[in-house]
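**Student:** Using the numbering used here, the letters of the sequence shown correspond one by one to residues 1257 to 1444.
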Amino acid sequence: AELSYRKAIEIKPDYADAHYNLGLVLLDLGKSQNAELSTRKVIELNPHYANAHYNLGLILKDLGNLQDAELSTRKAIELKPDYADAHLNLGSILLDIGKSQNAELSYRKAIEIRPDYADAHYNLGKVLLDLGNLKDAELSTRKAIKIKPDFAEAHLSLGEILKDIGQLKEAELSTRKAIELNPNYAKA
């Protein structure tokens, strides 16, 4: 696929979609720096391409450039305010830079846009746990599991929350479910 997109770009250098798709392929191949260059070319060709700004945010986060990742993700949201994935990614970036309360708002916005977004409910539960709001963390994590019953990480997180609030039997059941879904958790 990489060669096909490179050939398309060779034939038509201003073909934004080919640059965009090349960036995705490069990211999948773990070539984050090359993916960044390709994605920046998309934005140069089409500054209003929200998905390109979003992907650049993912790439920059992967590269550890959190400030630019935040800016790029915010640009994607500015261009496409109902972009639930971008709100989720912004929340993760904000959490990584220590802005837990802003992360909470981003996760809540993702849920407002897409109420059945299990990852957003899970991430909201994690940030609420970090903020010491155990009851709401439990509710949000349970919602993630209700939406996606095989969500091993959410079962594990629920087990931690339940342990913290003293519901040890239920915590054990939740942790066992996480291990059943992902045996790697047994090593932890």
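Every residue, glycine too, gets a C-beta built ideally from N, C-alpha and C.
(1) Output needed for L1314: all residues of its chain with C-beta closer than 7 angstroms, excluding positions within five of it in sequence on either side, in chain order.
(2) So, under 8 angstroms CB-CB, I1265 and L1278 are touching, yes? Tell me the CB distance rounded to an integer number of Å.
(3) Please work out which residues of its chain come closer than 6 angstroms, Cβ to Cβ, to D1318, disregarding the five sequence neighbours upstream and downstream, and give them in chain order.
(4) If you pair each beta-carbon of the region 1387–1394 with each one of the region 1365–1376, do three or more pairs fall below 8 angstroms?
(5) Could you name the residues of the same chain whose beta carbon sits closer than 7 angstroms to that of L1335, not counting the 5 residues immediately before and after it, in chain order?
(6) Alpha helix (DSSP H) containing A1222: first to last residue?
(7) For S1260, count neighbouring Cβ atoms within 10 angstroms of its own Cβ and tell me buried if that reaches 16, exposed if not.
(8) Where do the N-terminal and C-terminal ends of the alpha helix (DSSP H) with G1279 fall, by residue?
(9) Could you pull out every residue in the same chain whose Cβ sits closer than 7 angstroms to the Cβ of V1298, ignoring the five residues on either side in sequence?
(10) By the 10 Å Cβ neighbour count, where 16 or more other Cβ atoms means buried, how is K1382 classified, buried or exposed?
(11) Does DSSP put R1370 in a helix, in a strand, or in coil?
(12) If you drop the 5 nearest sequence neighbours on each side, which residues of the same chain put their C-beta closer than 8 angstroms to that of A1442?
(13) Out of K1331, A1376 and K1402, state which residue places its alpha-carbon closest to the alpha-carbon of G1347.
(14) Take D1420 and list the residues in its own chain whose beta-carbon comes closer than 7 angstroms to its own, dropping the five residues that flank it on each side.
(15) Taking the alpha carbon of G1388 as the reference point, which residue from E1360, D1338, D1341 and S1294 has its own alpha carbon closest?
**Tutor:** The short version:
(1) Taken in chain order, the residues that qualify are N1345.
(2) Confirmed, Cβ separation roughly 7 angstroms.
(3) So the list reads S1288, once near-sequence residues are dropped.
(4) The region 1387–1394, when compared against the region 1365–1376, does not touch it at the 8 angstroms Cβ threshold.
(5) Hits under 7 angstroms: H1304, A1306 and H1309.
(6) Because the chain here runs from 1257 to 1444, residue 1222 falls outside it and cannot be looked at.
(7) It is exposed - the Cβ of S1260 has fewer than 16 other Cβ atoms within 10 Å.
(8) Residues A1272 to D1284.
(9) Correct list, in chain order: A1272, H1275, Y1276, G1279, Y1305 and A1308.
(10) It counts as buried.
(11) In this structure, R1370 counts as coil in the three-state DSSP scheme.
(12) Counting only Cβ-Cβ distances below 8 angstroms, and skipping sequence neighbours, we find I1435.
(13) Relative to G1347, the option among K1331, A1376 and K1402 whose CA is nearest is A1376.
(14) So the qualifying residues of the chain are L1390.
(15) Ranking E1360, D1338, D1341 and S1294 by Cα distance to G1388 puts E1360 first.
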